[in-house]
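Q: Below is one structure. I have some questions about it.
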Amino acid sequence: MSVFAERLRNLREKQGQTQVQVGKAVGKSREAVTKYEMGQREPDLHAITSIARYFNVSADYILGITDQLDSNHKQEGLDEVSLSGKECKDNEEFVPYFKLALKIKNSGVGLKEVEEFVDKLIKQKR
487 MSVFAERLRN LREKQGQTQV QVGKAVGKSR EAVTKYEMGQ REPDLHAITS IARYFNVSAD
547 YILGITDQLD SNHKQEGLDE VSLSGKECKD NEEFVPYFKL ALKIKNSGVG LKEVEEFVDK
607 LIKQKR
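Numbering (the numbering used here), first residue to last: 487 to 612.
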């Protein structure tokens, strides 16, 4: 059984959810959830992100890339964002950047991909 299959089943059982409930929440059938849990079917990217969001865990966790339910850097990053947000709140110059961040978040593009792209862009500008 794959790490994804085990983690999906564990998360579902831990929250007392049925396969039907999980399926409805993420737009999949009970049969699809059953096959995911049995390792008979691999989820597509949309299903992975939907399931991770539903259980409030990272896609990295559900895929077995990390053993942490959520990354430690989230809280540290939130502290930074909170300070930055207070500093930029009244500065309209930052509004397009916040809109872009929201667009990226909603697109399903991974944070690591965005960071790598931005790092390359910054290097090119230097």
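No residue lacks a Cβ here, since even glycine has one placed at the ideal position from N, Cα and C.
(1) Within 10 angstroms of the Cβ of Tyr522, are there 16 or more other Cβ atoms? Answer buried if so, exposed if not.
(2) Do three or more CB pairs link the stretch 534-553 to the stretch 578-588 at distances below 8 Å?
(3) Hey, how far is the Cα of Gly550 from the Cα of Glu599?
(4) Can you give the Cα-Cα distance for Val506 and Gln610, rounded to whole angstroms?
(5) Glu494: which of Asn592, Glu578, Tyr583 and Phe541 sits nearest, CA to CA?
A: Straight from the coordinates:
(1) Counting from 1 along the sequence shown, the entry for residue 522 is found at position 36. Its Cβ being crowded by 16 or more others within 10 Å, Tyr522 is buried.
(2) Cβ pair count under 8 Å is below three, so no.
(3) The sequence position of residue 550 within the sequence shown is 64, counting from 1. The sequence position of residue 599 within the sequence shown is 113, counting from 1. Spanning the two alpha carbons is a distance of roughly 18 Å.
(4) As a position in the sequence shown, residue 506 is number 20, starting the count at 1. As a position in the sequence shown, residue 610 is number 124, starting the count at 1. Cα to Cα, Val506 sits roughly 49 Å from Gln610.
(5) Counted from its first residue, the sequence shown places residue 494 at position 8. Inspection of the sequence shows that residue 494 is occupied by Leu rather than by Glu. Of the listed residues, the one whose Cα sits closest to Leu494 is Phe541.
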